[in-house]
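Chemist: Here it is, the structure in full.
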Amino acid sequence: MDKFLTFTIVGLTIAAIYAVIASGLVLTYTTTGIFNFAHGAAGMLFAFTYWQLRFDWGWPAPVALFVVLFILAPLFGVLLEAVIMRGLEGTTETVKLVVSISLLLFMIGLAQLIWKPGISRPMDNFYAQNPPINLGPTTITIHQAITIGIAIAVAITLRLVLTRLRIGIAMRAAVDDRPLSMLNGARPNRVSMLAWAMGTSLAALGGILIAPGIALDAPSLSLLIVSAYAAAIFGRLRSLPLTFLGAIVVGCAEGYLSGYLPQNQYLSGLRLAIPAIILFIVLLVLPNPRLRGRMTRSREFFPTPTIQGALYFAAAVVVIGVICATTMTDPDLITYGKVFSIGIVALSLVPLVGYSGQISLCQLSFAGIGAIVVAHLGHGGDPLAIVWAVLIAAAVGALVALPALRLSGIYLALGTAAFAVTLDRWVFTLPRLTVFGLFDVNLFESGSVSVDPLKFLGTTFDDPGSQMIMTAVAFALVSLLVIAIRRGRLGRRLLAMKDSEAACATLGLNLLGTKLTVFALSAGIAGLGGALYATQLTSITPNNFDLVSSLQIFALTVVGGIGAVGGALIGAASLLVLLPLIATLLPSIARWVVLFPGGAGIALGRNPNGAVHDIREGFAPLITSRKMMAAMTIGLAAVYALRLADVITNWPFVLISLAVIVAVTIVANLTQPRVVEAAAGVSEAELADVPLEWRGIDRAWTEADRDELDRRVGMSEAELHGVA
Amino acid sequence: MASLEVRDITVRFGGNVALDQVSIATEPGSITGLIGPNGAGKTTLFNVITGLLPPSSGRVILDGRDITGLSPTKRARLGLARTFQRLELFSLLTVRENIRVAADIRRGYSKDKDNPAEIVEAIIDRVGLREIAEERVDRLPTGQCRLVELGRSLATKPKVLLLDEPASGQDETETELFATLLQQLAADGTVVLLVEHDVQLVMNICKSVHVLDFGQIIAVGSPSEIQTNEAVLAAYLGTGATTP
Amino acid sequence: MNVLELRGIHAAYDRIDVLFGVDLEVPESSVVALLGPNGAGKSTALRVAAGLHAPSSGDVLVAGRRVNGVRPEELARRGLCLIPEGRGIFPNLTVRENLRMMSYTGTSEAVIDERAFLRFPRLKERFTQTAGTLSGGEQQMLAMARGLATDPALLILDELSMGLAPIIVEELYEIVAQVAREGVSILVVEQFASTVLGVADFAAIIVHGRIARAGRPAELRDDLSKAYLGA
Chain A
22 MDKFLTFTIV GLTIAAIYAV IASGLVLTYT TTGIFNFAHG AAGMLFAFTY
72 WQLRFDWGWP APVALFVVLF ILAPLFGVLL EAVIMRGLEG TTETVKLVVS
122 ISLLLFMIGL AQLIWKPGIS RPMDNFYAQN PPINLGPTTI TIHQAITIGI
172 AIAVAITLRL VLTRLRIGIA MRAAVDDRPL SMLNGARPNR VSMLAWAMGT
222 SLAALGGILI APGIALDAPS LSLLIVSAYA AAIFGRLRSL PLTFLGAIVV
272 GCAEGYLSGY LPQNQYLSGL RLAIPAIILF IVLLVLPNPR LRGRMTRSRE
322 FFPTPTIQGA LYFAAAVVVI GVICATTMTD PDLITYGKVF SIGIVALSLV
372 PLVGYSGQIS LCQLSFAGIG AIVVAHLGHG GDPLAIVWAV LIAAAVGALV
422 ALPALRLSGI YLALGTAAFA VTLDRWVFTL PRLTVFGLFD VNLFESGSVS
472 VDPLKFLGTT FDDPGSQMIM TAVAFALVSL LVIAIRRGRL GRRLLAMKDS
522 EAACATLGLN LLGTKLTVFA LSAGIAGLGG ALYATQLTSI TPNNFDLVSS
572 LQIFALTVVG GIGAVGGALI GAASLLVLLP LIATLLPSIA RWVVLFPGGA
622 GIALGRNPNG AVHDIREGFA PLITSRKMMA AMTIGLAAVY ALRLADVITN
672 WPFVLISLAV IVAVTIVANL TQPRVVEAAA GVSEAELADV PLEWRGIDRA
722 WTEADRDELD RRVGMSEAEL HGVA
Chain B
130 MASLEVRDIT VRFGGNVALD QVSIATEPGS ITGLIGPNGA GKTTLFNVIT
180 GLLPPSSGRV ILDGRDITGL SPTKRARLGL ARTFQRLELF SLLTVRENIR
230 VAADIRRGYS KDKDNPAEIV EAIIDRVGLR EIAEERVDRL PTGQCRLVEL
280 GRSLATKPKV LLLDEPASGQ DETETELFAT LLQQLAADGT VVLLVEHDVQ
330 LVMNICKSVH VLDFGQIIAV GSPSEIQTNE AVLAAYLGTG ATTP
Chain C
3 MNVLELRGIH AAYDRIDVLF GVDLEVPESS VVALLGPNGA GKSTALRVAA
53 GLHAPSSGDV LVAGRRVNGV RPEELARRGL CLIPEGRGIF PNLTVRENLR
103 MMSYTGTSEA VIDERAFLRF PRLKERFTQT AGTLSGGEQQ MLAMARGLAT
153 DPALLILDEL SMGLAPIIVE ELYEIVAQVA REGVSILVVE QFASTVLGVA
203 DFAAIIVHGR IARAGRPAEL RDDLSKAYLG A
């Protein structure tokens with residue numbers, strides 16, 4: 022009984038923290054419609070800030086708390102709203118999600134930049150030196166009491182603000198009916214700003230409360246707070262009282278499970294994964310959403326790839342692979358060589374996210390499964406292991422999809438993230454175990470597991486050069502497969518389903534079967550990528566397949582252009598080539614590259630079609646002209662010959678090649694009238710055509726808008742100045 | 130001959146009754162009209178018939194079979210097709226691809242293995258979309274989009290076709306063409322249930338017209354009967370309309 | 003001087019053209035009824051007038067001043083009050099909170115409550131009740147109370163009668179008539195044409211996005227059934 026009470030207090034303390042964090046999340050989601058994946062990361066960032074002020078600089082706790090909670094955090098929230106979030110209205114759910122995921126990555130990068138990781142930063146509990154309060158059968162520490170008290174205070178304060186203050190009522194009014202609240206004269210932007218300010222403050226408060234209990238580490242703190250999301254889901258991201266109830270359920274479940282679960286090596290990881298598992302279960306018991314038609318008209322534009330273009334692309338990939346393999350040193354090849362295997366993982370997102378609009382944040386987990394399979398079945402380099410890797414990853418993908426596909430949008434993203442966390446916190450860390458006395462399972466041998474190099478066609482792919490060529494060929498082939506899907510029946514069906522599930526259902530399409538197919542296909546491709554990646558690494562650990570890396574690949578692929586295979590290559594290349602390259606070439610800014618993946622994703626809000634769209638436009642005249650293509654091929658071949666003959670070294674080779682490509686492209690653009698794609702015009706026209714009264718809501722407000730407003734209202738310059 | 134029957138359908142949203150004991154029987158091979166003021170429940174009824182919305186009570190019967198518990202997908206496979214008031218086209222695909230998706234889906238479940246490509250070409254000609262077959266649908270004007278949606282639903286070779294305001298956004302020539310097309314379809318034995326704001330169109334091509342108001346069927350009859358029905362005039366014009 | 007004037011308004015949703023050059027005037031201290039069948043463009047015309055929907059061409063004038071592009075909350079603060087179709091209330095807020103939202107237009111809360119109770123005594127009994135749980139008629143009264151509480155220059159009513167029993171509709175229109183007698187200009191869109199014709203000074207029939215007929219109510223009655231039922 023005493024134990025039970027103790028665990029209850031532990032559980033309620035956790036619950037209190039989750040409640041604080043989750044209520045902030047609900048506040049921002051309901052008033053602005055953006056699910057802030059970076060909510061936890063904001064908590065992390067301000068936990069670090071608080072540590073800096075309170076423990077490193079020795080400020081008194083009340084001062085440090087006041088500065089963080091009432092000045093820095095709200096300001097940061099207002100900044101987020103004004104600079105990033107306001108521009109997101111009217112964009113697709115995927116874009117919103119990527120922007121907030123990128124924000125999470127950016128904040129983790131920022132924290133690691135300011136506070137070097139790996140250094141212990143102890144954070145004391147509040148009144149840690151005071152003895153715990155005696156409650157008869159058990160005791161409660163002052164920190165625990167304060168935490169629970171704060172949650173209650175937050176609940177009361179929120180209630181008062183939302184029902185007594187006019188701006189609070191306006192927040193609720195905006196949730197009910199945003200246009201109507203405008204008709205009443207309420208200013209929606211102010212309401213959003215307040216919501217973000219309050220939300221960020223609550224995240225900061227939660228972060229400060231939770232940090233003393235665990236190590237102050239940016240990624241784990243950002244994602245640990247993910248558990249608070251389970252509480253918010255209880256309230257369907259809308260109801261604050263239900264969110265508090267959800268927090269109590271999740272917190273107590275965590276308290277009891279970690280108290281009562283036997284202490285053994287199999288379950289120690291489970292404890293870390295409990296919140297994710299609870300999140301997954303909560304998502305699954307949510308009532309099935311009704312089939313609906315299109316919600317927002319997307320601004321995406323993915324043209325159908327041509328066969329010719331696909332072949333050019335595949336050939337170019339292989340050529341690049343061969344050139345790199347023959348010109349680069351082994352250490353360089355090891356650094357940059359993973360671009361194609363991870364590129365295949367990125368490719369797996371194209372049919373899933375790009376074509377069908379389903380979101381998965383656990384592609385790297387499927388890759389991890391492929392890697393484990395090839396490590397265990399690929400002894401002696403048996404190529405059959407690759408086939409098994411694909412099949413098993415696809416099967417697991419289908420298994421995950423089966424329950425998860427009842428979900429959509431943000432819920433599906435959270436569900437797959439929960440799956441990834443469960444895998445990388447618990448399943449991948451399991452020691453050797455026997456399942457039903459039949460299977461001897463030993464995933465990562467509780468640490469790392471070695472992988473034999475692949476052997477087929479009489480070749481052993483054991484050096485980075487041959488691996489580079491092999492993965493490049495694999496990437497090219499998978500690209501062709503993905504393009505073939507797009508051009509075929511399945512691709513049309515997926516694009517159709519993304520646009521209108523209701524229409525598809527009324528045409529007789531089996532939605533679940535179609536989603537299952539694309540999920541399994543995508544998991545299989547990711548499994549292939551993971552398997553090849555593993556053979557390159559020669560030794561794999563669970564860390565190679567964690568959620569944060571998965572998020573990076575996801576964000577950068579969407580930035581590259583999720584609707585096209587080129588986007589996957591750009592995504593993988595910016596992560597695995599560009600970043601290390603910048604770090605090597607410009608050591609002075611090497612520290613800053615951690616901010617890049619996040620920063621790139623945040624910028625996505627401006628260009629939802631991805632970079633590949635612009636690049637394709639630029640290259641279109643070149644690709645359509647045989648003469649120009651021939652000129653470029655000859656030019657590049659000549660430069661390559663010079664390099665092989667050792668007339669020039671690597672750097673001149675790269676620079677001259679780039680110069681040739683750029684020069685030919687420019688000539689092609691000049692000599693051929695550029696085929697302006699009509700749809701690109703449409704999307705731009707649409708951007709420009711935002712009605713004046715929606716500017717600042719649908720997209721960012723600019724000076725030009727103000728001028729136009731003045732002009733349209735009929736105020737001349739003179740009049741304006743006269744009034745002033 | 131195919132037939133669609135709706136028996137005593139009631140739909141409640143919270144405390145509001147959107148549909149109250151609505152019954153409609155269609156006649157095979159003819160066009161049945163459904164009109165009524167805004168918010169009367171016409172689209173809600175379509176959603177119930179196609180399975181997108183479960184009714185609180187009542188039954189939907191297709192060819193004598195109770196399909197009330199079936200999913201939208203199963204109903205579609207039994208020969209029920211519809212268009213949407215708010216166009217639900219596949220905006221990233223071309224006109225031809227839009228119709229092709231439907232033809233491919235049908236080939237997946239149906240016994241007759243007609244070549245989907247041929248079906249698509251036949252429909253493109255029938256509906257008159259040949260010139261714009263390669264256009265992406267999000268660049269088309271609304272009137273043509275309505276035709277594409279009709280073509281898409283025809284690719285499933287429906288026995289029963291539900292049309293939700295197919296003429297809105299069409300110009301007069303398009304509407305005329307559309308009317309002819311619907312009459313041909315009905316003559317071929319397809320059951321057509323038409324919700325339409327263009328009362329003129331409804332009066333011209335429908336054999337019988339149902340009037341829905343506040344979720345209730347307030348009148349059933351031929352177009353000429355409906356035009357002089359007191360209850361209908363009251364519903365449209367207000368309580369005192371007939372005694373000016 | 004016209005309180006509101008629409009000049010050659012064209013408007014579209016997505017790619018669906020709805021209005022084709024609508025002209026409409028609401029003179030000071032008068033009630034103007036905009037009538038027409040479903041989908042004719044009545045609500046769109048109102049949304050354009052209130053700044054909720056941008057016309058693709060044409061001008062909106064409030065008190066003689068061009069207000070194209072002025073945001074709806076600014077128009078609301080300038081005394082233009084739209085009560086939208088389907089209950090202009092926040093269902094999850096209490097009656098009290100609903101009324102309080104109106105204080106953004108510059109009227110003090112005490113005055114708003116006082117005016118609301120004066121006209122709709124029933125709301126006083128329901129003061130702390132959640133608006134969504136009120137009856138349909140009470141919800142519409144709340145919507146009107148909110149609109150009138152700010153003493154607007156122009157009240158725009160969209161389908162006041164939607165989903166309400168005829169007896170309640172009559173009750174509501176008695177209040178509209180009373181408000182009109184107090185000198186507030188009113189633009190009203192209604193399907194129940196005859197009810198509103200009894201109150202209106204001027205009426206216009208809109209068909210297929212164009213004003214088909216405009217004039218005094220008595221002149222229009224015969225045109226109505228043709229416009230609505232094609233008879």
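Chains as they are written, first to last, in my numbering: chain A, 22 to 745; chain B, 130 to 373; chain C, 3 to 233. We treat Cβ as the ideally placed atom computed from N, Cα and C, and that holds for glycine.
(1) Can you name the residues of chain C whose CB is closer than 7 Å to the CB of L209/B?
(2) Under 6 Å Cβ to Cβ from D483/A, same chain only, skipping five residues before and after it: list those, please.
(3) Three or more C-beta pairs under 8 Å: does that hold for the segment 117-124 of chain C against the segment 78-94 of chain C?
(4) What did DSSP end up calling Y238/B once you bin it into helix, strand or coil?
(5) Do G220/A and L48/A have their C-beta atoms closer together than 8 Å?
(6) Establish whether the CB of P39/C and some CB of chain B are separated by less than 8 Å.
(7) Using 8 Å for Cβ pairs, my map puts L126/A next to P601/A. What's the rounded Cβ distance?
(8) Rounded to whole angstroms, what is the Cα-Cα separation between V339/A and V494/A?
(9) Enumerate in chain order the residues of its own chain whose CB-to-CB distance from S45/C is below 7 Å, with the five nearest sequence positions on each side excluded.
(10) Taking R514/A as the query, report the chain B residues whose CB atoms sit under 8 Å from its CB, ordered along the chain.
(11) Going by DSSP, name the residue or residues bridged to D61/C.
(12) Counting C-beta neighbours from all protein chains within 10 Å, is the total for E354/B 16 or more, i.e. buried, or is it exposed?
(13) Write down every uninterrupted run of the alpha helix (DSSP H) in the segment 134-172 of chain C whose length is 4 residues or greater and which is fully enclosed by it, in chain order.
(14) Residues in its own chain within less than 8 Å of V394/A by CB, not counting five upstream and five downstream?
(15) So, do the segment 198-207 of chain C and the segment 32-41 of chain C have three or more beta carbon pairs nearer to each other than 8 Å?
(16) Tell me where the alpha helix (DSSP H) around E303/B begins and ends.
(17) For P29/C, which of helix, strand or coil comes out of DSSP?
(18) What are the residues of the segment 181-207 of chain A that lie near chain C, defined by any Cβ-Cβ distance shorter than 8 Å?
(19) Let me know the secondary structure DSSP gives A103/A once reduced to three states.
(20) Applying the criterion that 16 or more other CB atoms from any shown protein chain within 10 Å of the CB defines a buried residue, is K648/A buried or exposed?
(21) Mind listing which residues of the segment 175-208 of chain C have their C-beta closer than 9 Å to chain B's C-betas, in chain order?
(22) Identify every residue that forms a DSSP beta bridge with D520/A.
(23) Would P74/C pass as an interface residue toward chain A - the criterion being a Cβ-Cβ separation below 8 Å?
(24) Using DSSP with H/G/I as helix, E/B as strand and the rest coil, what is G702/A?
(25) Report the neighbours of S185/B on chain A: residues whose CB is nearer than 7 Å to its CB, in chain order.
(26) List the residues of chain A whose Cβ lies closer than 7 Å to the Cβ of S220/B, in chain order.
(27) If we define contact as Cβ-Cβ less than 8 Å, is T527/A a contact residue for chain B?
(28) Please check if any C-beta of chain B sits within less than 8 Å of the C-beta of G702/A.
(29) Check the Cβ of F92/C against every Cβ in chain A and list those closer than 8 Å, keeping chain order.
(30) Touching or not, the segment 386-405 of chain A and the segment 538-548 of chain A, by the rule of three or more beta carbon pairs under 8 Å?
(31) Name the two residues that bound the continuous alpha helix (DSSP H) containing D267/B.
(32) Should A331/A be flagged as near chain B, meaning a C-beta pair shorter than 8 Å?
(33) Does DSSP classify T168/A as helix, strand or coil?
(34) In three-state terms, what does DSSP make of R141/B?
(35) Indicate whether R136/B and R188/B have their beta-carbon atoms separated by less than 8 Å.
(36) Taking C-alpha atoms, which residue in V688/A, F67/A, W672/A and S369/A lies nearest to A232/A?
Modeler: Answer, in terms of the structure:
(1) To locate residue 209/B, count along the second sequence from 1; it is residue 80. Within chain C, no residue comes near L209/B; the closest Cβ sits about 25 Å away, beyond 7 Å.
(2) Position 462 of the first sequence, counted from the start, is the residue given in the question as residue 483/A. The beta carbon of D483/A lies closer than 6 Å to those of P474 in the same chain, with the five residues before and after it left out.
(3) Note that the segment 117-124 of chain C does not touch the segment 78-94 of chain C; fewer than 3 beta-carbon pairs, one per stretch, sit closer than 8 Å.
(4) In the second sequence, residue 238/B corresponds to position 109, counting from 1. Assigned with DSSP and collapsed to three states, Y238/B falls in helix.
(5) If you number the first sequence from 1, residue 220/A lands on position 199. If you number the first sequence from 1, residue 48/A lands on position 27. Contact flag set, yes.
(6) Taking the first residue of the third sequence as position 1, residue 39/C is located at position 37. With 8 Å as the cut-off, P39/C counts as an interface residue toward chain B.
(7) Taking the first residue of the first sequence as position 1, residue 126/A is located at position 105. Taking the first residue of the first sequence as position 1, residue 601/A is located at position 580. Not a contact, Cβ separation roughly 17 Å.
(8) As a position in the first sequence, residue 339/A is number 318, starting the count at 1. As a position in the first sequence, residue 494/A is number 473, starting the count at 1. Approximately 6 Å, taken between the alpha carbons.
(9) Counted from its first residue, the third sequence places residue 45/C at position 43. Closer than 7 Å at Cβ, skipping near neighbours: E87, D160 and V191.
(10) Start at 1 with the first residue of the first sequence, and residue 514/A comes out as number 493. Near R514/A (Cβ distances below 8 Å), the residues of chain B are V230, D233 and I234.
(11) In the third sequence, the residue the question calls residue 61/C occupies position 59. Paired residue(s): R9/C.
(12) As a working note, residue 354/B is residue 225 in the second sequence. Its Cβ having fewer than 16 others within 10 Å, E354/B is exposed.
(13) The segment 134-172 of chain C contains these whole alpha helix (DSSP H) runs: 138-151.
(14) Taking the first residue of the first sequence as position 1, residue 394/A is located at position 373. In its chain, beyond the 5 residues on either side, A406, W409, A410, I413, A414, G548 and A552 have a beta carbon closer than 8 Å to the beta carbon of V394/A.
(15) These segments touch.
(16) Looking up residue 303/B in the second sequence gives position 174. It spans E301 to A316 - the alpha helix (DSSP H) in which E303/B sits, taken as one unbroken run.
(17) The residue labelled residue 29/C in the question sits at position 27 within the third sequence. Looking at P29/C - three-state DSSP - the assignment turns out to be strand.
(18) T184, R187, I190, A191, R193, A194, V196, D197, D198, P200, L201, S202, M203, L204, N205, G206 and A207
(19) The residue you call residue 103/A lines up with position 82 of the first sequence. It is helical.
(20) Taking the first sequence and counting its residues from 1, one reaches residue 648/A at position 627. Its Cβ having fewer than 16 others within 10 Å, K648/A is exposed.
(21) E192, Q193, F194, A195, S196, T197, V198, L199 and G200
(22) Position 499 of the first sequence, counted from the first residue, corresponds to residue 520/A. DSSP output for D520/A lists no bridge partner at all.
(23) Residue mapping note: residue 74/C aligns to position 72 of the third sequence, counting from 1. Among the CB atoms of chain A, one or more fall inside 8 Å of the CB of P74/C.
(24) What you label residue 702/A is simply residue 681 of the first sequence in a count that begins at 1. Any answer about G702/A is weak, because its pLDDT of 33 lies below 50 and its placement is not dependable; what the coordinates show is given next. Helix at G702/A.
(25) Here residue 185/B refers to the residue found at position 56 when the second sequence is read from its first residue. Going along chain A, no residue has its Cβ under 7 Å from S185/B, so there is no contact; the nearest lies around 14 Å.
(26) To locate residue 220/B, count along the second sequence from 1; it is residue 91. By Cβ distance, chain A contributes D520.
(27) In the first sequence, counting from the first residue as 1, residue 527/A sits at position 506. Taking Cβ atoms only, chain B reaches closer than 8 Å to T527/A, which makes this a yes.
(28) Within the first sequence, the letter at position 681 stands for residue 702/A. Caution is warranted here: a pLDDT of 33 is assigned to G702/A, below 50, making its placement in the model unreliable, and no coordinate value can be reported.
(29) As a first step, residue 92/C is located in the third sequence; it is residue number 90 there, counting from the start. Chain A residues near F92/C: R193, A194, D197, D198, L201 and S202.
(30) Judged by Cβ distances under 8 Å, the segment 386-405 of chain A makes contact with the segment 538-548 of chain A, as three or more pairs qualify.
(31) Looking up residue 267/B in the second sequence gives position 138. Here D267/B belongs to no alpha helix (DSSP H), and DSSP marks it neither H nor E.
(32) As a position in the first sequence, residue 331/A is number 310, starting the count at 1. No, because no Cβ of chain B sits closer than 8 Å to the Cβ of A331/A.
(33) Residue mapping note: residue 168/A aligns to position 147 of the first sequence, counting from 1. In the structure shown, T168/A sits in a helix (DSSP, three-state: H, G or I).
(34) Reading the second sequence from its first residue, position 12 is the one you call residue 141/B. Strand.
(35) Stepping through the second sequence from its first residue, residue 136/B is reached at position 7. Stepping through the second sequence from its first residue, residue 188/B is reached at position 59. Their beta carbons are under 8 Å apart, which means R136/B touches R188/B by this criterion.
(36) Taking the first residue of the first sequence as 1, we reach residue 232/A at position 211. Of V688/A, F67/A, W672/A and S369/A, the residue nearest in Cα terms is F67/A.
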